[in-house]
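Heads up, the thing below is written out as structure tokens.
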Amino acid sequence: MLDTYQGAATIEKVAALARRRGFVYPSSDIYGGLGSSYDYGHYGVLLKQNVKAEWQRALVQEREDVVMLDSAIILHPQVWVASGHVGGFSDPLVDCRTCKLRFRADHLGQSACGRKPSKHPGETADCDLTEARQFNLMFETSIGPVRDEGSVAYLRPETAQGIFVNFKNVTSSLRVKPPFGIAQIGKSFRNEITPGNFLFRMREFEQMEMEFFVPPDESTRWFEYWVEARRQWYLGLGMRESHLRVRPHDPDELSHYSSGTSDLEYLFPIGWSELEGIANRGDYDLNAHATASGTKLEWIGHEERYLPHVIEPAAGADRAALAFLVDAYDEEEVAGDQRTVLRLHPRLAPVKVAVLPLIGKDAGLVEKARPLYEDLRRALPSEYDDSASIGKRYRRQDEIGTPWALTIDHDTLADGTITIRDRDSLEQERIPLERAKAILLERLEAPWTPRA
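Written out as structure tokens, the structure reads:
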């Protein structure tokens, strides 16, 4: 098992490329930014949409036992009381009297004031830390124009509870029967005190969660199934197997609702960290909401009646996008020049193909290139670029991860062929212009081999 990240990427390099090439910007940048808040630019939006689309494709489109839900961000406050979030969703925090910032007591590291806090508050001369106190991580808001005790509500810290409180609605309106799942993609909010490392931990983030409801005696089998299925999803989208592992939780770190949890961890440049959690939640959630609401949340079949157990694969779209960016980032020397390239799986790449006239101001080449681009972009995300030298245009496309580039040159005018360039191998071959779309669509669905 690897101990350190293998490759050219660092969080700082990936963040710099993401800003330079329009993937991700610091939020509220002209006002000095807001800590650990980011805005997605054009290519970042396309990348994250592709991550979410591949998740939905694997969990919903290619299966017949999972349905979709999009629940509200602000739920009835009693949802969070019943789920245990109001009473127990908190972290132990300490304050630094020197730099005036706040840190998680269980994750003390380098403080912002340049001093290294001790793991034991008060036992270092470098950083003056307070005793640990518990802070709730939910963002509190109010419903209605008058703020009082009865108007308190919360921005959801997870999407899962919206699924549980809709269990009865789904089972009574759709043709589902355990084992079946309810999947949801949506924003969640956590008042993290020590967010950081670019997109790794943010206060506002997007989750991809699925609750899979199973007969109680089948929960262990389905838990093992989903751990491996989710691991294969990342590998199938090109993530290096050497940088992905399954880490079962020790008994003392299991959540109160879990009888078994395994994390899929990715070896980021900052070390092994959680990418996705798969938990066997038992019947905790359905039982808690049934008790609190007075509504029975059982599965009732022809000859059976029981409270299902739940297997939950829960991933973050932002963290997954970051992991794919880090894993794809590469630097190499080509013909004496340094090349930075994102070796993204073609299905994740924001742009699939770039159409490039060899000489941007050549009217004859543009007359061939523009109609090709107009035709291609109706079938797959495409980009037209006719500014700067062809070499610089190739490098721009390499940095945003475009798998293929089509170059229209003077031979195109003579014989109707164009050059297709492969991002990873840099190989170029001539293909008929009229076959370009069909060839690209074939390559997009063909097996793709990631780097070792």
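Residue numbering for the sequence shown follows my numbering, starting at 227 and increasing by one per position. We treat Cβ as the ideally placed atom computed from N, Cα and C, and that holds for glycine. On a predicted model such as this, the values are computed, not experimentally measured, just so you know.
Per DSSP, residue i forms a beta bridge with which residues?
i: A580; result: E609 and A631
i: E655; result: I646
i: M434; result: I411 and A541
i: V286; result: Its beta-bridge partners do not exist; DSSP assigns none.
i: I300; result: L381
i: G508; result: V536
i: D229; result: Its beta-bridge partners do not exist; DSSP assigns none.
i: Q564; result: E559
i: L367; result: In the sequence under discussion, the amino acid at residue 367 is Thr, which differs from the Leu named in the question. In the DSSP output, where bridge partners are listed per residue, T367 has A379.
i: V250; result: Y266
i: D553; result: Paired residues: none, contrary to the question.
i: W525; result: Y532
Do residue j and residue i count as a contact pair if the criterion is CB distance below 8 Å?
i: G233; j: G248; result: no
i: Q458; j: A543; result: no
i: R647; j: Q654; result: yes
i: R416; j: P383; result: yes
i: K578; j: L659; result: no
i: P576; j: L272; result: yes
i: D650; j: R545; result: no
i: Y532; j: L490; result: no
i: L470; j: A547; result: no
Whose C-beta lies closer than 7 Å to the C-beta of residue i among residues of the same chain, with five residues either side of it excluded?
i: V286; result: V292, M294 and A409
i: R245; result: Y251
i: E349; result: Model confidence at E349 stands at a pLDDT of 44, short of 50, so the residue's coordinates are unreliable; what they give is reported in the following sentence. So no residue of the chain qualifies.
i: E430; result: S263, K413 and F415
Output needed for residue i: all residues of its chain with C-beta closer than 8 Å, excluding positions within five of it in sequence on either side, in chain order.
i: D637; result: T643 and R656
Please check the pair residue i and residue j, which I expect to be a contact at CB under 8 Å, by giving their CB distance rounded to whole angstroms.
i: Y610; j: Y599; result: 4 Å
i: I626; j: A595; result: Contact flag wrong, Cβ pair sits at about 19 Å.
i: E538; j: A664; result: At roughly 41 Å, the Cβ-Cβ gap does not stay under 8 Å, so E538 and A664 are not in contact.
i: M364; j: G407; result: M364 to G407, Cβ: 26 Å. No contact.
i: S485; j: H475; result: Not quite, the Cβ-Cβ distance comes to about 11 Å (not below 8 Å), so this is no contact.
i: A549; j: M465; result: 7 Å
For residue i, collect the residues of the same chain with a Cβ closer than 6 Å to its Cβ; drop the 5 residues on either side in sequence, then sort them by chain order.
i: G310; result: none
i: V581; result: A595, L598, Y599, Y610 and L632
i: H535; result: V440, P442, S445, G508 and D509
i: W452; result: I504, I537 and P539
i: L666; result: V579
i: G340; result: Caution is warranted here: a pLDDT of 44 is assigned to G340, below 50, making its placement in the model unreliable, and the coordinate value is therefore given only provisionally. Within the same chain, G340 has no close Cβ partners at all.
In this structure, does DSSP put residue i in helix, strand or coil?
i: P474; result: strand
i: G348; result: Note that G348 scores 42 on pLDDT, short of 50, meaning its location in the model is unreliable and no value can be drawn from it.
i: Y620; result: helix
i: S337; result: Bear in mind that a pLDDT of 44 at S337, under 50, signals an unreliable position, so the number given afterwards is only what the model happens to contain. Coil.
i: N417; result: coil
i: R245; result: helix
i: F390; result: helix
i: D489; result: strand
Any heavy atom of the ligand FMN inside 7 Å of the beta-carbon of residue i?
i: R401; result: Summarising the ligand content, the structure contains no ligands, and the ligand FMN is consequently not present.
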